[in-house]
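First up is the structure itself, then whatever we jot down about it.
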Amino acid sequence: FDKRGVTVDARLRTSNKKVFAIGDVAGGFQFTHVAGYHAGIVIRNVLFRLPAKVDYSALSWVTYTDPELAHVGMTEVQAKEKHGDIRVLRHSFAENDRAQAELETDGMAKVITTAKGVIVGASIVGPHAGELLQSWILPIQKKMKIGAVAGLIIPYPTLGEVNKRAAGSYYTPKLFSEKTKKIVRFLLKLG
């Protein structure tokens, strides 16, 4: 062990392969939900003999301030280091009808994708950010493309639309590109 805790491998085994360590004692991330995740990994390894390993690519956390701050996956810096060319998408709560109706317009969603649209990170600051973040955990864990979220049919009016609109902004440059404008002009000439 070291000053952070007991040293474990990706299956949460200690130097004695029959002894596992989970939660805060395993070093690393000290969140209750990570301890629960660790327990699931150990149960799969010990009881079911499945070679389960930890994967923190979709690790999420929430800071319970006012407004809340929630994050999952990579930061911009981490994404640039790993993927080089990335896209950063944003949508403000001020542009959301539900946020306007409830007078809670301070906040935004920020989503990070690879150049090809694979979702690798998301951060939300604003009311209910912890709940809103749930929309990004599975797509990041499953390495889904932004179109999966942009194409969702979201109930109106909900704060969840902030996520859909952030995802949809990935396509804005293509929608207003010179090529698209030429196609529209051509189609208009056809009548």
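In the numbering used here, the protein residues as written are 5 to 195.
Each residue gets a CB set at the ideal place from its N, CA and C atoms; glycine is no exception.
This one's a predicted model, so the numbers in the text were calculated from it and none came from an experiment.
- Annotated as distal: Arg-94 and Thr-162, with beta-carbon spacing of 7 Å or more.
- In chain order, Pro-71, Phe-97, Gly-111 place their CB closer than 6 Å to the CB of Gly-130, counting only its own chain and leaving out the 5 sequence neighbours on each side.
- For Thr-36 and Ala-74, the gap between their C-alpha atoms comes out near 15 Å.
- Asp-28 carries a helical assignment under DSSP once its states are collapsed to helix, strand and coil.
- If you look at Gly-44, you'll find it in the alpha helix (DSSP H) that goes 36-50.
- Per DSSP, reduced to three states, the secondary structure at Val-23 is coil, with no helix or strand assignment.
- When Cβ pairs closer than 8 Å are counted between the two stretches, the segment 75-92 is seen to touch the segment 118-126, the count reaching three or more.
- Of all alpha-carbon atoms in Ser-173, Val-38, Ile-158, the one lying nearest the alpha-carbon of Ser-61 is that of Val-38.
- DSSP places Gly-77 inside the beta strand (DSSP E), whose first and last residues are 72-77.
- Comparing alpha-carbon positions, the option among Tyr-68, Val-29, Ser-19, Ala-152 lying closest to Asn-167 turns out to be Ala-152.
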